[in-house]
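Engineer: Going by the working numbering, 52 is the number at position 46 of the sequence shown; the sequence numbering is gapless.
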Amino acid sequence: MRICVLSSGSVGNATIIETEQTAILIDNGLSLKKLQELIKKSGFNENRIEHILITHEHGDHIKGVGVCTRKWKLNVCATAKTIDEMYRKNIIKPGVEQTTAVEKNVWFDLGDLSIMPFRISHDAVDPVGYMIKQGEKTLVYVTDTGYITGDILKTLGNADAYIMETNHNVEMLQMCNRPWSLKQRILDDCGHLSNEDSAYAMSQLIGEKTKHIYLAHLSQDANLPDLAEMTVRHILKEENVDLSKLNLHMTYAMHPSKVITL
7 MRICVLSSGS
17 VGNATIIETE
27 QTAILIDNGL
37 SLKKLQELIK
47 KSGFNENRIE
57 HILITHEHGD
67 HIKGVGVCTR
77 KWKLNVCATA
87 KTIDEMYRKN
97 IIKPGVEQTT
107 AVEKNVWFDL
117 GDLSIMPFRI
127 SHDAVDPVGY
137 MIKQGEKTLV
147 YVTDTGYITG
157 DILKTLGNAD
167 AYIMETNHNV
177 EMLQMCNRPW
187 SLKQRILDDC
197 GHLSNEDSAY
207 AMSQLIGEKT
217 KHIYLAHLSQ
227 DANLPDLAEM
237 TVRHILKEEN
247 VDLSKLNLHM
257 TYAMHPSKVI
267 TL
């Protein structure tokens with residue numbers, strides 16, 4: 007399983023996952039031209055993509071879904087409520103794009119990938135993260151959530167790789183030039199994970215198999231890459247996590263991350 011976070015953050019999100027048998031996207035908040043540019047730069051083949059998983063209906067995750075779906079005739083996988091919301095927003099159209107309604111905590115297969123959507127806490131109609139398996143290898147994708155519940159932590163533990171939101175530093179968020187209402191939304195239980203909260207969640211998720219963690223969805227106004235990584239490393243060390251075999255990878259807005267292979 008090859009993985010690359012093509013773009014991450016409020017300007018647009020897209021992740022590509024490829025095996026010998028299949029290739030999928032998670033979300034697309036980018037223009038077709040930009041998406042194609044990032045896929046090519048990352049060394050993937052856009053013509054192999056068959057499916058796109060949608061986490062939720064916010065624009066930075068779906069505004070480019072319609073055009074790439076029609077270009078490559080992709081199957082759009084999302085919860086029924088999210089599909090309906092995408093219809094309402096005119097991102098996709100009934101009878102035009104192929105859709106598959108998925109259910110939280112129910113596994114489904116796409117080629118040689120087995121996928122389970124799980125509940126997250128965000129101000130969207132039915133937001134989900136995804137656990138993705140190929141054989142013995144597991145990737146967990148969880149961004150855009152205000153917190154992670156204990157039952158979810160138990161379900162998602164000891165994956166080989168995580169794409170985890172480290173959205174903001176609380177002090178930087180409080181001091182930045184954003185409206186107070188937006189700051190409250192971000193800090194809310196249906197908002198976004200801070201560096202600290204994400205790191206404490208990671209400390210409970212990381213197991214013997216875990217080798218890679220992408221730090222994702224960083225705020226451009228209320229975070230810094232070095233600060234996010236330093237905070238995560240500090241807290242993981244405090245929580246007695248062995249960092250010697252753990253690779254932390256940064257993600258970027260409109261620039262591909264490091265490609266990893268599980």
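Even glycine gets a Cβ: it sits at the ideal position worked out from N, Cα and C.
Keep in mind the model is a prediction, meaning the values are calculated, not measured.
Is there contact here, the region 51–63 with the region 74–89, by at least three beta-carbon pairs under 8 Å?
Structural biologist: Yes, since at least three Cβ pairs between the region 51–63 and the region 74–89 fall closer than 8 Å, the two stretches touch.
Engineer: Roughly how many angstroms lie between the CA atoms of M236 and M92, to the nearest whole one?
Structural biologist: C-alpha separation (whole angstroms): 37 Å.
Engineer: For a quick check, are the C-beta atoms of V247 and I212 less than 7 Å apart?
Structural biologist: Going by C-beta atoms, V247 is nearer than 7 Å to I212.
Engineer: Give the secondary structure of R94 by DSSP, where H, G and I count as helix, E and B as strand, and everything else as coil.
Structural biologist: Correct three-state label for R94: helix.
Engineer: Per DSSP, which one or two residues make a beta bridge with I60?
Structural biologist: DSSP, once it has assigned bridges, lists no residue as partnering I60.
Engineer: Whose C-alpha, out of N111, I98 and I138, is nearest the C-alpha of G117?
Structural biologist: Minimum Cα distance to G117 is reached at I138.
Engineer: Could you work out which residue in V146, C196 and D66 is closest to K217 when comparing CA atoms only?
Structural biologist: It is V146.
Engineer: Looking at the secondary structure, which residues open and close the alpha helix (DSSP H) in which T75 lies?
Structural biologist: V71 to W78 is the extent of the alpha helix (DSSP H) around T75.
Engineer: Pull up the DSSP beta-bridge partners for Q140, would you.
Structural biologist: Answer is K143, bridged to Q140.
Engineer: Span of the alpha helix (DSSP H) holding I121?
Structural biologist: Note, I121: premise wrong, no alpha helix (DSSP H); beta strand (DSSP E) at L119 to R125.
Engineer: Of all the alpha helix (DSSP H) runs that stay within the bounds of the region 171–225, which reach a length of 4 or more residues?
Structural biologist: For the region 171–225, whole alpha helix (DSSP H) runs of length 4 or above, ordered along the chain, are 176–181, 186–193 and 201–211.
Engineer: Closest by CA to N111, which one among T105, W78 and F124?
Structural biologist: Closest by alpha carbon: F124.
Engineer: Can you have a look at S187 and say buried or exposed, based on whether 16 or more other CB atoms are within 10 angstroms of its CB?
Structural biologist: By the neighbour-count rule (16 or more Cβ atoms within 10 Å), S187 is not buried but exposed.
Engineer: Return the CA-CA distance between G70 and Q42, expressed in angstroms with no decimal places.
Structural biologist: Roughly 11 Å separates the two Cα atoms.
Engineer: Return the chain-ordered list of same chain residues with a C-beta closer than 8 Å to the C-beta of Q226, the five sequence neighbours on each side being excluded.
Structural biologist: Closer than 8 Å at Cβ, skipping near neighbours: G15, S16, V17 and A259.
Engineer: Under the rule that 16 or more other beta-carbon atoms within 10 Å means buried, what is S250, buried or exposed?
Structural biologist: Burial call: exposed.
Engineer: For a quick check, are the C-beta atoms of C10 and S263 less than 7 Å apart?
Structural biologist: Against a cut-off of 7 Å, the Cβ pair of S263 and C10 comes out as a contact.
Engineer: To which residues of the same chain is H128 closer than 7 Å at the C-beta, ignoring the five residues directly before and after it?
Structural biologist: These residues qualify, in order along the chain: H62, D150, T151, G152 and C196.
Engineer: What number of angstroms, rounded off, separates the C-alpha of L224 from the C-alpha of E171?
Structural biologist: Going by the C-alpha atoms only, they are around 7 Å apart.
Engineer: Taking 7 Å as the threshold (C-beta atoms), are I68 and I97 in contact?
Structural biologist: Yes.
Engineer: For the beta strand (DSSP E) containing D33, name the first residue and the last one.
Structural biologist: First-last of the beta strand (DSSP E) with D33: A29 to N34.
Engineer: Taking the straight line between their C-alpha atoms, what separation do you get for G163 and Q210?
Structural biologist: So the alpha carbons of these two residues sit roughly 7 Å apart.
Engineer: Within the same chain, show all residues whose beta-carbon is closer than 7 Å to that of I241, passing over the 5 residues directly before and after it, in chain order.
Structural biologist: Correct list, in chain order: E202, A205, Y206 and S209.
Engineer: Quick check on the burial criterion: 16 or more other C-beta atoms within 10 angstroms. Buried or exposed for M181?
Structural biologist: Result: exposed.
Engineer: Do A234 and L221 have their C-beta atoms closer together than 7 Å?
Structural biologist: Yes.
Engineer: Under the three-state reduction of DSSP, which class applies to M7: helix, strand or coil?
Structural biologist: Here M7 sits in coil by DSSP.
Engineer: For E24, does the count of other Cβ atoms within 10 angstroms reach 16, so buried, or fall short, so exposed?
Structural biologist: Label assigned to E24: buried.
Engineer: Looking only at its own chain, which residues have a Cβ that is under 7 Å from the Cβ of V131, when we skip the five neighbours before and after it?
Structural biologist: Taken in chain order, the residues that qualify are E63, K87, T88 and E91.
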